[in-house]
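First residue of the first sequence: 425, per this note's numbering; consecutive thereafter.
Glycine included, every Cβ here is placed at the ideal spot set by N, Cα and C.
Notes for the one structure printed next.
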Amino acid sequence: MDDFTAQIYSQVHQIPQGKVSTYGDIAKFAGFPGYARQVGKLLGKLPEGSSLPWHRVINAKGEISLTGNDLERQRSKLIAEGIEVSDVGRIRLGRYRWDGL
DNA sequence: ACTATGACAGTTG
DNA sequence: GCAACTGCCATAG
């Protein structure tokens, strides 16, 4: 587990329930500005039963970057936390965005 | 070494 | 608000 992975993991883990953050911000807060794509790749490799709240991470447009069935899974998890997700997977960042601690 | 690809992002018209 | 373009960086073939 390299330093990058460790930092990203801890950062994602801090996103409070009912809030969301973006790939770019996570990378930035973790100390790796510009590594948004690497964050996405990392989350994609996560095991199913991971304790990491990966579903609280979305893209800068405020939408879920997954497709098909995966998108549905993430949406249900978010809705379960009280976050409003439109039928196309869009979320109001102005309302649910997490700006760090 | 080179190219293509991806759970991305910022700027511009 | 949206589409096109450009910049970004690790991985895979």
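Could you check the C-alpha separation between Pro-477 and His-437 for me, to the nearest Å?
-> 6 Å
Nearest CA to the CA of Tyr-447: which residue from Ile-488, Ile-482, Asp-511?
-> Ile-482
Other residues of its chain near Pro-471: CB distance less than 6 Å, five sequence neighbours each side excluded | none
Report all residues from its chain with a CB closer than 6 Å to the CB of Arg-521; omit the five preceding and five following residues, and keep chain order.
-> none
Just checking my contact of Ile-503 with Val-444 at CB under 8 Å: how many whole Å lie between their CB atoms?
-> With a Cβ gap of about 12 Å, Ile-503 and Val-444 do not count as contacting.
Leaving out five residues before and five after Leu-490 in sequence, what residues of the same chain have Cβ atoms less than 6 Å from its Cβ?
-> Residues of the same chain with a CB within less than 6 Å of the CB of Leu-490, apart from the 5 flanking positions on each side, are Gln-498 in chain order.
Would you kindly work out how many angstroms separate the C-alpha atoms of Asp-523 and Ala-451, rounded to a whole number?
-> Their Cα atoms are separated by approximately 12 Å.
Cβ distance (whole Å) where Arg-514 is taken to contact Glu-487 below 8 Å | 5 Å
If we ignore side chains and look at the alpha-carbon of each, how far apart do Gly-455 and Gln-431 end up?
-> The straight-line gap separating the alpha-carbon atoms of Gly-455 and Gln-431 is approximately 8 Å.
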